[in-house]
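Asker: Below is one structure. I have some questions about it.
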Amino acid sequence: MRSPIKSIADFHDRLFHFWESSKNNRIVGSSLVIIYIGYIILIQLNIMELLPLWLSDMVSTNFFDAINVVFVALLAYEVILLIFTLAESITRSLVKQFELLTLILLRDAFKAFGAFHQPLDWQQDLNEILYMITDSFGALAIFLLIVLINRIVAKPSKSITFDDQEAYINFKKLVALVLAVAFVIMGIDHLGLFFITEPGTDFFETFYTILIFTDILLVLIALRYSTSYIVVFRNSGFALATVFIRLALVAPPYYNVAIGIAAATFVLGLVYFYTRHYHELKHH
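What follows is the structure in structure tokens.
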């Protein structure tokens, strides 16, 4: 008789297979195009005062807000991929978190550009210009660190093994599905706040807060199958990196980029030394 955990793991695999399929990629890509063009049309109609009052209050009159809207939709898609990668590899999951951070920084750069005066006033817009430059180059720096991390991870090496590897992976799949349910509930709540025009907590800040507790839970689950020092240290370090990313999301301009780069550098060093000195540390 199949265990409930195994059945849940199989359900996770079916969802993951669908979400990564080329068919779903085409659906998501087409949906993003429709959202982007559709919101631009709504903005134009709102400028022309052709929208009903209940809808005009929710639609911007700044065309650059269409970029923000489509970026939020893209980030939501990436978050779902992140949730699925939790069960595959903790390293890959953390890399996906940094990828999300780079996209958020690029989104913020576009938002700063959209805040420029028309015509451009260098004196009044200098702060926004500097924010745009630091966010974009910060995203580039983190992107380069991601490339280095991926190169190290891609090299053949001994990986952490557990007494019951399959059971450990199945537990991670269970956690991923619970996190997916939390994501859907948060998304519905956030969307509801948007439509009734009430201020709400930034969606991705809240999600990363939940992700911190999820990472700690995965560290504790890993202890069921191995108490090796290198397992505890690496996984705990990855959980700490999630805390850094969360801080970067709420930090003021300039500090957000510095914290994000520092977090990616920390993970690069952690992955490098783990890979290089695995044999020396695995029995400690």
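In our numbering, the protein residues as written are 76 to 359.
For each residue, glycine too, the CB sits at the ideal point set by N, CA and C.
Note that the structure is a prediction, hence the values are computed from the model and not measured.
1) Please report the straight-line C-alpha distance between leucine 343 and leucine 169, rounded to a whole angstrom.
2) Mapping DSSP to helix, strand and coil, what is valine 134?
3) Below 6 angstroms CB to CB, which residues in the same chain sit around alanine 184 once its five sequence neighbours on both sides are set aside?
4) So the candidates are Ala242, Thr284 and Leu293; which of them puts its Cα closest to the Cα of valine 28?
5) Measure the CB-CB distance between arginine 167 and valine 228 and report whether it falls below 9 angstroms.
6) For isoleucine 118 versus threonine 136, is the C-beta spacing smaller than 9 angstroms?
7) Classify aspartate 277 as buried or exposed, calling it buried when 16 or more other Cβ atoms lie within 10 Å of its own Cβ.
8) Inspect the beta-carbon positions of isoleucine 224 and alanine 162 and report whether they are closer than 9 angstroms.
9) By Cβ distance below 7 angstroms, which residues in the same chain neighbour alanine 257 in space, the five residues on each side in sequence not counted?
10) Using three-state DSSP, classify lysine 348 as helix, strand or coil.
11) So, helix, strand or coil for phenylalanine 246, using DSSP?
12) DSSP on threonine 302, reduced to helix/strand/coil?
13) Could you tell me if threonine 302 is buried or exposed, where buried requires 16 or more neighbouring beta carbons within 10 angstroms of its beta carbon?
14) So, for alanine 316: in the same chain, excluding its five sequence neighbours on each side, which residues have a beta-carbon less than 7 angstroms away from its beta-carbon?
15) Taking the alpha carbon of alanine 141 as the reference point, which residue from Leu107, Tyr152, Asp132 and Ala151 has its own alpha carbon closest?
16) Any idea if arginine 101 is buried or exposed, counting beta-carbon neighbours within 10 angstroms, 16 or more meaning buried?
17) Rounded C-beta distance between arginine 321 and leucine 345? I'm assuming under 8 angstroms.
18) For lysine 81, I'd like the list of residues in its chain whose CB is within less than 8 angstroms of its CB, leaving aside the five on either flank, ordered along the chain.
Answerer: The structure says:
1) 11 angstroms
2) coil
3) Closer than 6 angstroms at the Cβ level, and outside the excluded window around alanine 184, lie Met207, Asp210 and Ser211.
4) Limits of the chain in this structure are 76 at one end and 359 at the other, which puts residue 28 out of reach.
5) yes
6) yes
7) exposed
8) No, Cβ-Cβ distance for isoleucine 224 and alanine 162 is not below 9 angstroms.
9) Ile285
10) Strictly speaking, residue 348 in this sequence is phenylalanine, with lysine absent from that position. Looking at phenylalanine 348 - three-state DSSP - the assignment turns out to be helix.
11) Of the three classes helix, strand and coil, the one that applies to phenylalanine 246 here is helix, per DSSP.
12) coil
13) Residue environment analysis places threonine 302 among the exposed positions, since fewer than 16 neighbouring C-beta atoms fall within 10 angstroms of its C-beta.
14) Leu169, Ala338, Phe341 and Val342
15) Leu107
16) exposed
17) Rounded, the Cβ-Cβ distance is 18 angstroms, inconsistent with contact.
18) Asn245
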